[in-house]
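Notes for the one structure printed next.
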Amino acid sequence: MGPRRGLGFGGTLLTMLIVVGLAAAVGIIPFRQVLAHDRSVELARQQRDALTAANLQLEQQIAALETPGEVERLAREQFGMVMPGETAVVAVPIPDETLPVGDRPTDFVDHTPWWQRLWNFMSGQDLAADE
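The opening residue of the sequence shown carries number 83 in the working numbering; numbering runs sequentially from there.
Encoded structure:
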């Protein structure tokens, strides 16, 4: 019997692991981008819905500002105007200096477990910013 040729079991196993690893790496990157794109689209839809609601509210405010009663109310509230014969009285609040000012942390500490960060990386959740 002559010398054995070929990779043997260890070489074959190593080759298979390399091929599977490369296939996984090639598949993960596009998968992450697709998931991030889907999240971006959903975020854009939510922003669109919020802007539509804000536009509706602004249109209602515009309609209200065209009425004399609303103009009078704003003149009284914002400019302190009064009708002839009225006396304006302004109440000034006394500042309360006994309220403590809370200390806010200055550094951000990520308490996410390592396995959650790995899953976020694999699923692409770390690519799109959630607001």
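Just so you know, even glycine gets a beta-carbon here, dropped at the ideal spot from N, CA and C.
- About 4 Å separates the Cβ atoms of leucine 117 and glycine 206, confirming a contact at the 8 Å cut-off.
- The criterion of a C-beta distance shorter than 7 Å is not satisfied by alanine 145 and glutamate 152.
- With 16 or more neighbouring CB atoms inside 10 Å of its own CB, arginine 114 falls in the buried class.
- The continuous stretches of alpha helix (DSSP H) do not include phenylalanine 190, and DSSP gives it neither H nor E.
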